[in-house]
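These notes are about the structure you will find just below.
Number of protein chains: 2
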Amino acid sequence: MINKLCIIGIGLIGGSLARALRDIGHVREVTGYGRSVGNLRQAVELGVIDRVEVSLVDAVRNADMIVLAVPVGGMAEILDQLGPVLSTQAVVTDVGSVKGSVVTAARQALGTRFTQFVPGHPLAGSEQSGVAASTPDLFQGARVILTPEPETDAAALARVQEMWQTIGAQVATLSAADHDRILAASSHLPHMLAYCLVDMVVRHDDHRAILECAANGFRDTTRIAGSDPVMWRDICLANREALVAALRQYRTDLGALVEAIEKGDGPWLLDTFARAKHARDGLNKKN
Amino acid sequence: MINKLCIIGIGLIGGSLARALRDIGHVREVTGYGRSVGNLRQAVELGVIDRVEVSLVDAVRNADMIVLAVPVGGMAEILDQLGPVLSTQAVVTDVGSVKGSVVTAARQALGTRFTQFVPGHPLAGSEQSGVAASTPDLFQGARVILTPEPETDAAALARVQEMWQTIGAQVATLSAADHDRILAASSHLPHMLAYCLVDMVVRHDDHRAILECAANGFRDTTRIAGSDPVMWRDICLANREALVAALRQYRTDLGALVEAIEKGDGPWLLDTFARAKHARDGLNKKN
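Those protein sequence lines, which keep their order, are chains A and B.
As numbered in our numbering, the first sequence has no gaps in its residue numbers, which increase by one up to the final residue, 1011.
As numbered in our numbering, the second sequence has no gaps in its residue numbers, which increase by one up to the final residue, 1011.
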């Protein structure tokens, strides 16, 4: 049970978490803090949070669970503000898509209270953003990765784990470095491919005709190009090394594919497509 | 009204077309011809076609509409067989994803009867294949591109146009070259990107963890990697030039993106992502 939950950044993720915890009665009181007054007001109107606070000090006062749900690029600033006012009984976690940079910022900002910080990342969301898109079942069946450090307090880890499990998520732990390398391939790379594909088409002489001829394949492949640009700029900058490595590998592989098409190497193409189809079909079976 | 429809290749597209035309009573009799006996038997059992013929001559005898729905790589062979037995009263059309290569094969195989051939491509389908996946509403609201040549008979064109419109499709015409260049970007390129992404992940040391962490973004982006490998090998080989050009452009654009991430160029990333999001959001509004 959470007595007072403070969500910093009430968007799709922060809002959905608050809704889910309220729906099952796992939280007594929810306060919200953020930059956009309009968004905070909407969060109260939608019943996502009980109260808005206009200062971080007031928002986190007496909170036993603090969730940082701002874009990755805003984490360091919030952590710097949080450091001096964080009480000993609060657990802090975040929902950032990159973990190495957040862990570094938290270690620096929180000092001895860094033990109370549990880095986390729910693998859920959509191309939509903002509290209006939040929904209490977003995390039902979703995977949540926690990346505790050696200093992380075991009781704090257990509380964050329990919070996610209570609302139907499956919690796993990884090192921050493993998380960032794996997510670079499973999430960050696909987003880059989708953005790049839409941007290429937009700048094409035939862009009108191409978009008119865009059937389901194009639509599905590029759905995530509708994602929040600020969030993804931040992720690119925060996970630069792992993402660049994944993108370089992809460009190399795509080069081999181009070469096979140019040479008319039917067997190579058939092998590659069949191997990919087999793996992709396996993913369907899993969920 | 079609008196006798002959579908050559009863897969997802051929089967769905037959179902749609039967459902609205626009066809009296449907015969099927193809390579897989099991598939043809299933098509009869499912009520998709009335009768299977084991020779092409029998299948097309007295047919007033013949639809070639085999993979693009199999078109030339079928057209070569069809040439000597094609009667003057039949209209022939196809559903191939590439038009230039099919037009060339048809012109060569059909001789003076080439005027009866109306090259076509319904922009519908899914990653599924086979007659079991066929459905009568596949073309409802879908776009169908016809690419008539100067020799194409106007009455034949009108009959094919009517066939598609009757089952709810929107028909447009393009030159074969325009079709192939536009589809290279709107359809063939996204399929290559999806196949390449899954194949890269499969060969990755962390492939198990990456697939476990595959959330909706990865799933949507790669759904079409479950498409039929033979069909896509054929498309690659048949639309080689336009597809290679699109892939080369994409690799160049992706290179610029990698460079921006490496340099930490936040404004460039934000601009690019915002431009892509704007275009992608526009696509949502359109349908």
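Virtual Cβ for every residue (Gly too), placed ideally from N, Cα, C.
B:N727 beta carbon less than 8 Å from that of B:R752: B:R752 is a Cβ neighbour of B:N727, given a cutoff of 8 Å.
Exposure of A:K1009, with buried meaning 16 or more beta-carbon neighbours within 10 Å: Label assigned to A:K1009: exposed.
Whole-angstrom distance between A:K823 and A:S900, CA atom to CA atom: Checking the sequence, you will find Ala at residue 900 of chain A rather than Ser. Roughly 5 Å between the two C-alpha positions.
Candidates B:A744, B:G749 and B:V784, of which the one nearest B:A758 by Cα: One detail in the question is off: residue 758 of chain B reads as Gly in this sequence, not Ala. Of the residues B:A744, B:G749 and B:V784, the one whose Cα lies closest to the Cα of B:G758 is B:V784.
Own chain, CB closer than 6 Å to B:V754, minus 5 neighbours either side, in chain order: Result list for B:V754: L729, A742, I773 and D774, in chain order.
Contacting residues, own chain, Cβ-Cβ under 6 Å from B:G704 (five flanking each side not counted): This structure cannot speak to residue 704 of chain B, because chain B is shown only from 725 to 1011.
Within-8 Å CB hit, A:L681 to chain B: Because residue 681 of chain A is not part of the residues shown, which for chain A are 725 to 1011, the question remains open.
8 Å Cβ cutoff, B:C730 in contact with chain A: No, because no Cβ of chain A sits closer than 8 Å to the Cβ of B:C730.
Residue environment, A:P991, which counts as buried when at least 16 other CB atoms sit within 10 Å: Exposed is the call here.
Inter-residue spacing [alpha-carbon to alpha-carbon] between A:R867 and A:L907: Cα to Cα, the separation comes out at about 12 Å.
Uninterrupted alpha helix (DSSP H) stretches inside the segment 783-865 of chain A (no shorter than 4 residues): Runs of alpha helix (DSSP H) with 4 or more residues, each lying fully within the segment 783-865 of chain A, are found at 799-806 and 824-834, listed in chain order.
Minimum Cβ-Cβ distance from A:H928 to chain B less than 8 Å: With 8 Å as the cut-off, A:H928 counts as an interface residue toward chain B.
For A:C920, the first and last residue of its enclosing alpha helix (DSSP H): Unbroken alpha helix (DSSP H) run through A:C920: L913 to V926.
Residues of the segment 963-989 of chain B whose Cβ lies closer than 7 Å to any Cβ of chain A, in chain order: Within the segment 963-989 of chain B, the residues whose Cβ lies closer than 7 Å to any Cβ of chain A are, in chain order, R964, L967, V968, L971, R972, Q973, Y974, R975, D977, L978, G979, L981, V982, I985, E986 and G988.
The alpha helix (DSSP H) enclosing A:T976, as first and last residue numbers: According to the DSSP assignment, A:T976 belongs to the alpha helix (DSSP H) that extends over R964 to K987.
Interface flag, B:L917 vs chain A, CB-CB below 8 Å: B:L917 counts as touching chain A.
Endpoints, alpha helix (DSSP H) assigned at B:G762: Unbroken alpha helix (DSSP H) run through B:G762: V761 to E769.
Partner residues on chain B for A:V925, Cβ-Cβ distance less than 8 Å: Result: A909, S910 and A1003.
Rounded C-alpha distance that separates B:A1000 from B:A848: Rounded to whole angstroms, the gap between the alpha carbons of B:A1000 and B:A848 is 24 Å.
Member of A:V982, A:A969 and A:T890 whose CA lies at the smallest distance from the CA of B:Y974: The option with the nearest alpha carbon to B:Y974 is A:V982.
Whole-angstrom distance between B:T946 and B:S811, CA atom to CA atom: When the Cα atoms are used, B:S811 and B:T946 turn out to be separated by approximately 44 Å.
Interface partners of A:T859 on chain E, CB under 9 Å: No chain E appears in this structure, whose protein chains are A and B.
Continuous beta strand (DSSP E) stretch holding B:L729: start and end: That run of the beta strand (DSSP E) goes I726 to I732.
Neighbour-count burial assignment, B:R1004, 16 or more Cβ in a 10 Å radius: By the neighbour-count rule (16 or more Cβ atoms within 10 Å), B:R1004 is buried.
Simplified DSSP state of B:G758, which is helix, strand or coil: B:G758: coil per DSSP, three-state reduction.
Which listed residue (B:C937, B:T890 and B:P914) has its alpha carbon closest to that of A:G894: Residue 894 of chain A is actually Gln in this sequence, not Gly. Ranked by how close their Cα comes to the Cα of A:Q894, the residues B:C937, B:T890 and B:P914 have B:C937 in first place.
Contact between the segment 956-963 of chain B and the segment 789-803 of chain B (3+ Cβ pairs under 8 Å): Yes: at least three Cβ pairs fall under 8 Å.
Positions along the segment 812-825 of chain B whose CB lies within less than 8 Å of some CB in chain A: Those residues of the segment 812-825 of chain B that come within reach of chain A (Cβ to Cβ, closer than 8 Å) do not exist; the list is empty.
Spatial neighbours of A:A966 in its chain, beta-carbon cut-off 7 Å, leaving aside the 5 residues before and after: Answer for A:A966: D904, R905 and A908, listed in chain order.
Closer than 9 Å at the beta carbon, the chain A residues around B:T893: According to the sequence shown, residue 893 of chain B is Ala rather than Thr. Going along chain A, no residue has its Cβ under 9 Å from B:A893, so there is no contact; the nearest lies around 12 Å.
Other residues of its chain near B:V925: CB distance less than 6 Å, five sequence neighbours each side excluded: Here the set comprises H931 and I934.
Beta-carbon proximity of A:T881 to A:L898, cut-off 8 Å: A quick correction: the sequence has Leu, not Thr, at residue 881 of chain A. Going by C-beta atoms, A:L881 is not nearer than 8 Å to A:L898.
Option nearest A:E986 by Cα separation, candidates B:T976, B:A969 and B:K987: Here the closest residue by C-alpha is B:A969.
B:T897 - partner residues in DSSP beta bridges: Paired residue(s): B:L870.
Interface flag, A:P874 vs chain B, CB-CB below 8 Å: Taking Cβ atoms only, chain B never reaches closer than 8 Å to A:P874, which makes this a no.
Candidates A:D929, A:H928 and A:V922: closest to A:G674 by CA position: What is shown of chain A runs 725 to 1011, which leaves residue 674 of chain A out entirely.
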